[in-house]
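There are 2 protein chains.
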Amino acid sequence: VTGLTLYGYFRSSAAFRVRIALNLKGLDYEQQSVHLAQGHQLRAEYRAINPQALVPVLVDGEHRMTQSLAIIEYLDELHPEPALLPQEPLARQRVRSLAQIVASDIHPINNTRVLKYLGSQLKIEEPARNTWYRHWIAEGLAVIEKRLIDEAGTGVFCHGDAPTIADCCLVPQIFNARRYGSDLNPYPTVMHIYERCMALPAFDRAAPLNQQDADN
Amino acid sequence: VTGLTLYGYFRSSAAFRVRIALNLKGLDYEQQSVHLAQGHQLRAEYRAINPQALVPVLVDGEHRMTQSLAIIEYLDELHPEPALLPQEPLARQRVRSLAQIVASDIHPINNTRVLKYLGSQLKIEEPARNTWYRHWIAEGLAVIEKRLIDEAGTGVFCHGDAPTIADCCLVPQIFNARRYGSDLNPYPTVMHIYERCMALPAFDRAAPLNQQDADN
Chain A
236 VTGLTLYGYF
246 RSSAAFRVRI
256 ALNLKGLDYE
266 QQSVHLAQGH
276 QLRAEYRAIN
286 PQALVPVLVD
296 GEHRMTQSLA
306 IIEYLDELHP
316 EPALLPQEPL
326 ARQRVRSLAQ
336 IVASDIHPIN
346 NTRVLKYLGS
356 QLKIEEPARN
366 TWYRHWIAEG
376 LAVIEKRLID
386 EAGTGVFCHG
396 DAPTIADCCL
406 VPQIFNARRY
416 GSDLNPYPTV
426 MHIYERCMAL
436 PAFDRAAPLN
446 QQDADN
Chain B
236 VTGLTLYGYF
246 RSSAAFRVRI
256 ALNLKGLDYE
266 QQSVHLAQGH
276 QLRAEYRAIN
286 PQALVPVLVD
296 GEHRMTQSLA
306 IIEYLDELHP
316 EPALLPQEPL
326 ARQRVRSLAQ
336 IVASDIHPIN
346 NTRVLKYLGS
356 QLKIEEPARN
366 TWYRHWIAEG
376 LAVIEKRLID
386 EAGTGVFCHG
396 DAPTIADCCL
406 VPQIFNARRY
416 GSDLNPYPTV
426 MHIYERCMAL
436 PAFDRAAPLN
446 QQDADN
């Protein structure tokens, strides 16, 4: 019995990362859906859970945790098997740096609140917002593709032959890319790894359309 | 003798984070300046070092490392004293989550490449770009201020009585905020911690104007 509750949303790629990690660790968790498309993350009752008004939040007993990568590191420290980071410091650095390309340099720039600001404050129309979205994905995935090709650490997954934090970040980003019509043909190595991940039940069960709130 | 070389730029807050961490660890390092304002990060010779065309890069012997937080975690694993993360998993989660608010949810949205896209692709004029810049800082710092007030882990620094990765991220963000004229009065707890950090030589020596390339 873990007593874990995940506040998320089926389409949130940051929540998706944490669902993958929880599934890989074999941990049971309840889910609380926060309807991002209807702005429920901005309600006072949710801000009391996370003042940043973002998902995910993982609640473990009396402890509330935010920021997906910090949550996954916590899960990996508390439940070491199967490891989501390799053992050797340089390899850990590599995995974390691949994860951060998604988690810092693609996803936050395309977050709902940023797209809203572009529309409402800067009067950028939807086609230009979608071009923006695909631009930052293309910038990031091109670098990940090149690194996966060039670097010796790449294996069946982003690093070696077991999923790591890097795969937990990469796979949800591909779902976002497809939703916005990104051309994924330039990233065959990324897509091979994506397919291998999605063949694992831990990834498949975490996918947006397999969540209970997916019909919202 | 460490053989460390840091590719950075005096004003880059991501490079600034790594300079702080290196100084706190007492590690010697050479610096290579990449003139971001003149676009030198986009040159082929720099892309050969980092295909993402961002700073910082830390070179340790034959190994090149990217992504500031992943670099700092590496330094903390390889050189455990003084620790830049607390020992207990929940405390580590807290510190990493505070760091990620800056590293994922403020800084990348205000990165040079994003500001350039706003100007050149979306024709957003400088005043509106500066409002954008201050908006994301205000969103992030308000949350950090609230958490520092509300959460028991806060001490002399963001967590407890020694600097952590959270302080390494927070302090450079304050420099950026000041450069763009952000109102910092709403964040007194943040600013107290900032002042305590800047009283330490490791932070002061890492500051932009104390770098050799600062007159560029």
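Line by line, the protein sequences are chains A and B.
Taking my numbering, I'd label the letters of the first sequence as residues 236 to 451.
Taking my numbering, I'd label the letters of the second sequence as residues 236 to 451.
No residue lacks a Cβ here, since even glycine has one placed at the ideal position from N, Cα and C.
Going along chain A in order, which residues have a C-beta closer than 7 Å to the C-beta of B:A305?
Q328, R331, S332 and Q335
Can you find a C-beta in chain A that's less than 7 Å from the C-beta of B:R254?
no
Classification of A:R254 by the beta-carbon crowding that lies within 10 angstroms, buried from 16 upward
buried
Please report the straight-line C-alpha distance between B:V452 and A:D450, rounded to a whole angstrom.
Only positions 236 to 451 of chain B appear in this structure, which leaves residue 452 of chain B out of reach.
Which of the residues in the segment 269 to 290 of chain B, read from start to end, lie with their CB under 7 Å from any CB of chain C?
Among the protein chains of the structure shown, namely A and B, there is no chain C.
Spatial neighbours of B:E265 in its chain, beta-carbon cut-off 6 Å, leaving aside the 5 residues before and after
T240
Counting only runs of 3+ residues fully inside the segment 335 to 406 of chain B, write out the beta strand (DSSP E) ranges in chain order.
none
Whose Cβ in chain B lies nearer than 9 Å to the Cβ of A:M300?
L325, Q328, R329 and S332
Which residues in chain B sit within 8 Å of A:I400, going by Cβ to Cβ distance?
The contacting residues do not exist; A:I400 stays about 10 Å from chain B at best.
With DSSP collapsed to three states, give me the class of A:S248.
In this structure, A:S248 counts as helix in the three-state DSSP scheme.
Give a yes or no on whether the minimum CB-CB distance between A:D311 and chain B is below 7 Å.
Closer than 7 Å: no.
Identity of the residues DSSP links to A:M300 by a beta bridge
A:L293
Rounded to the nearest angstrom, what separates B:N285 and A:I372 at their Cα positions?
18 Å
Compare the beta carbon distance of B:Q335 and A:Q302 with 7 Å and say whether it is the shorter of the two.
yes
Could you tell me if A:E445 is buried or exposed, where buried requires 16 or more neighbouring beta carbons within 10 angstroms of its beta carbon?
The sequence shown places Asn at residue 445 of chain A, not Glu. It counts as exposed.
Going along the chain, which residues of its own chain have a beta-carbon closer than 6 Å to the beta-carbon of A:R246, five neighbours each way excluded?
P443
How about A:K358: is its C-beta nearer than 7 Å to some C-beta of chain B?
no
Contact check, A:R327 vs B:Y309 under 8 Å by CB: the rounded distance?
With a Cβ gap of about 7 Å, A:R327 and B:Y309 count as contacting.
Whole-angstrom distance between B:A401 and B:G375, CA atom to CA atom
13 Å
What first and last residue would you give for the alpha helix (DSSP H) that runs through B:Y264?
Careful: B:Y264 lies outside any alpha helix (DSSP H), inside the beta strand (DSSP E) at Y264 to S268.
Residue range of the unbroken beta strand (DSSP E) whose run includes B:Y242
L239 to G243
Might you give, ordered along the chain, the residues of its own chain that have their beta carbon closer than 7 Å to the beta carbon of A:I307, omitting 5 neighbours on each side?
R252, V253, A256, L319, I400 and C403
Environment of A:R413 [buried if 16+ CB atoms lie within 10 Å]
exposed
What whole-angstrom Cβ distance do A:A437 and A:L259 have, given they're in contact under 8 Å?
Right, their Cβ atoms sit about 4 Å apart.
Does DSSP put B:S332 in a helix, in a strand, or in coil?
helix
Starting from the Cα of B:G274, find the closest Cα among B:Y429, B:D396, B:V290 and B:D263 and give me that residue.
B:V290
So what's B:A449 in DSSP terms, helix, strand or just coil?
helix
For B:A387, count neighbouring Cβ atoms within 10 angstroms of its own Cβ and tell me buried if that reaches 16, exposed if not.
Flag for B:A387 reads exposed.
May I ask which residues mark the beginning and end of the alpha helix (DSSP H) holding B:R278?
It is not in any alpha helix (DSSP H) - B:R278 carries neither H nor E in the DSSP assignment.
Could you compute how far the alpha carbon of B:I359 sits from the alpha carbon of A:P317?
47 Å
Between the Cα of A:Q287 and those of B:L313, B:R382 and B:R369, spot the shortest distance and give me the residue it belongs to.
B:R382
Taking DSSP as the reference, what is the three-state secondary structure of B:R440?
coil
Partners in chain A for B:V378, counting only beta-carbon separations shorter than 8 Å:
P286 and Q287
Check whether chain B comes within 7 Å of A:P407, counting only Cβ atoms and requiring the distance to be less than that.
no
Using a Cβ cut-off of 7 Å (strictly closer), state whether B:K351 contacts chain A.
no
A:N345 burial status per 10 Å Cβ neighbour count (16 or more: buried):
buried
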